[in-house]
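J.:
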Amino acid sequence: MNQEATLPSRWLAGLIGLVSVLTIAAMAHHPVAHGEDLAARLASMARVAPLAAGVHGGLITLLLTLLWLLGEATRQLVLLAPLRRAGTLAWSIGAVLQTLAALVNGFAVPGFAAAVSDPGAATIQLLQFSWQLNQALANAGSVALLLGVGLWSIGLCGHRGMTRTLGGYGVVSAAITSLALLAGWLKLDVHGMLLVVVLLGLWQIGLAVLLWRQTRA
Numbered sequence: 048m049n050q051e052a053t054l055p056s057r058w059l060a061g062l063i064g065l066v067s068v069l070t071i072a073a074m075a076h077h078p079v080a081h082g083e084d085l086a087a088r089l090a091s092m093a094r095v096a097p098l099a100a101g102v103h104g105g106l107i108t109l110l111l112t113l114l115w116l117l118g119e120a121t122r123q124l125v126l127l128a129p130l131r132r133a134g135t136l137a138w139s140i141g142a143v144l145q146t147l148a149a150l151v152n153g154f155a156v157p158g159f160a161a162a163v164s165d166p167g168a169a170t171i172q173l174l175q176f177s178w179q180l181n182q183a184l185a186n187a188g189s190v191a192l193l194l195g196v197g198l199w200s201i202g203l204c205g206h207r208g209m210t211r212t213l214g215g216y217g218v219v220s221a222a223i224t225s226l227a228l229l230a231g232w233l234k235l236d237v238h239g240m241l242l243v244v245v246l247l248g249l250w251q252i253g254l255a256v257l258l259w260r261q262t263r264a
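Residues in the sequence shown are numbered from 48 upward in steps of one, following this note's numbering.
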C-alpha cells in the first residue's frame with residue numbers, strides 16, 4: 048500500500064461507490080426538451096431550465112469529486128507510476144472537457160432559450176451551433192475519461208484474480224467505447240451519455256470493491 052494516500056481504503060471505497068451511483072442517478076434524470084416547433088421547444092427548454100441546471104451542476108460536482116477520489120485510489124493500488132500519472136492526466140483533461148460540455152448544455156442553452164423573445168432562423172443556427180459545441184466537448188471528454196480508465200486498467204492487469212478481471216474490463220470497455228465514439232457509431236444524446244456513465248460507473252464501483260477488500264485482507 049502506498050503511504051502517500053491521505054484517506055483510508057475503506058473511506059475511499061465507500062465514497063467512490065457512493066459518488067458513482069449518484070452520478071448514474073443524476074444522468075438518468077437528465078431532462079429532455081420537446082416541442083412541435085421552435086417556439087414550443089424553446090418554451091420547453093425554459094421550463095426545464097432549473098432541473099437542467101441542477102442535474103448538470105450536480106454532475107460537474109460529482110465528476111470533480113471523482114477526479115480527486117480516483118487519484119487517491121490509484122495511489123493506494125500497486126500501479127506503475129507512469130501509467131498512474133498518464134491515467135490521471137487523461138482523466139483530468141476529460142473532467143475539464145465534460146465540465147465545459149455540461150456548462151453549455153445545462154446553463155448556456157437553457158438561459159438562451161429563456162431570453163429569446165422573437166425566435167427565427169438565427170435562433171435555429173445558434174441552437175445548432177451550441178449542440179455541435181456540446182457534442183464536440185462531450186465526445187472529446189468521454190474519450191479522455193475512457194483513456195484514463197484504460198491506462199489505469201493496464202496497470203491492474205498485471206495482478207491476479209479480481210484485480211486482473213477489473214483491469215481487463217477497463218481496457219476492453221474503454222477501447223470499444225472510444226472506438227464507437229470516434230467512428231460515430233455512438234452518439235452522445237441523453238441515452239448515449241448515460242451508457243458511457245454506466246460503463247465508467249461499473250469500473251469505478253469495481254475499484255471501490257478492490258479497495259474495500261484490501262481493508263479485510
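Ideal Cβ placement from N, Cα and C applies to all residues, glycine included.
Keep in mind the model is a prediction, meaning the values are calculated, not measured.
Taking three-plus beta-carbon pairs below 8 angstroms as touching, is the segment 125-136 in contact with the segment 195-213?
T.: The answer is yes - the segment 195-213 touches the segment 125-136, with three or more Cβ pairs under 8 angstroms.
J.: Considering Cα atoms alone, identify which of Arg207, Gly118 and Leu192 is closest to Leu246.
T.: For Leu246, the nearest C-alpha among the options comes from Leu192.
J.: Flag this pair as yes or no: are the beta carbons of Ser139 and Gly195 separated by less than 9 angstroms?
T.: Yes.
J.: Out of Gly134, Ile107, His103 and Leu109, state which residue places its alpha-carbon closest to the alpha-carbon of Gly118.
T.: Out of Gly134, Ile107, His103 and Leu109, Gly134 has the C-alpha closest to the C-alpha of Gly118.
J.: Evaluate the contact criterion for the segment 235-252 versus the segment 173-187: three or more CB pairs, one atom per stretch, below 8 angstroms.
T.: As far as the Cβ criterion goes, the segment 235-252 touches the segment 173-187, which means the pair count is three or higher.
J.: Just the C-alpha distance for Ala142 and Gly188, rounded to the nearest angstrom, thanks.
T.: Straight-line Cα distance between these residues: approximately 7 angstroms.
J.: Report the residue from Ile71, Gly231 and Leu258 whose alpha carbon sits nearest the alpha carbon of Val244.
T.: Ranking Ile71, Gly231 and Leu258 by Cα distance to Val244 puts Ile71 first.
J.: What residue ranges within the segment 181-252 form continuous alpha helix (DSSP H) runs of no fewer than 4 residues, ordered along the chain?
T.: Qualifying alpha helix (DSSP H) stretches, in chain order: 208-230.
J.: Could you pull the start and end residues of the alpha helix (DSSP H) that Glu119 belongs to?
T.: Start and end: Ala96 to Gln123.
J.: So the candidates are Leu213, Leu229 and Gln261; which of them puts its Cα closest to the Cα of Gly248?
T.: Among Leu213, Leu229 and Gln261, the Cα nearest to that of Gly248 belongs to Leu213.
J.: Look at Ala80 and Pro166 and say whether their C-beta atoms are less than 9 angstroms apart.
T.: Cβ atoms of Ala80 and Pro166: not closer than 9 angstroms.
J.: So, is Arg131 buried or exposed, given that buried needs 16 or more other C-beta atoms within 10 angstroms?
T.: It is buried - the Cβ of Arg131 has at least 16 other Cβ atoms within 10 Å.
J.: Identify whether Val66 lies in helix, strand or coil by the three-state DSSP scheme.
T.: Residue state, collapsed to three classes: helix.
J.: May I ask you to verify whether the segment 83-100 touches the segment 251-263, counting CB pairs closer than 8 angstroms and requiring at least 3?
T.: Contact between the segment 83-100 and the segment 251-263 is absent, because fewer than three Cβ pairs lie under 8 angstroms.
J.: Could you spell out the range, first to last residue, of the alpha helix (DSSP H) harbouring Gly134?
T.: Where Gly134 is concerned, the enclosing alpha helix (DSSP H) stretches over Ala128 to Leu150.
J.: For the putative contact between Ala100 and Phe154, defined by C-beta atoms under 8 angstroms, what is the C-beta separation to the nearest angstrom?
T.: Confirmed, about 6 angstroms.
J.: How far does the alpha helix (DSSP H) with Phe159 in it extend, from its first residue to its last?
T.: From DSSP, the alpha helix (DSSP H) with Phe159 extends over Val156 to Ala162.
J.: Work out the CA separation of Leu69 and Ala161 for me, nearest whole Å.
T.: Roughly 29 angstroms separates the two Cα atoms.
J.: Among Leu147, Asn152 and Leu65, which residue has its Cα nearest to the Cα of Leu109?
T.: Taking only the C-alpha atoms, the option nearest Leu109 is Leu65.
J.: Verify whether the separation of the beta carbon atoms of Ala73 and Ala255 is less than 9 angstroms.
T.: Result no, Cβ atoms of Ala73 and Ala255 do not sit closer than 9 angstroms.
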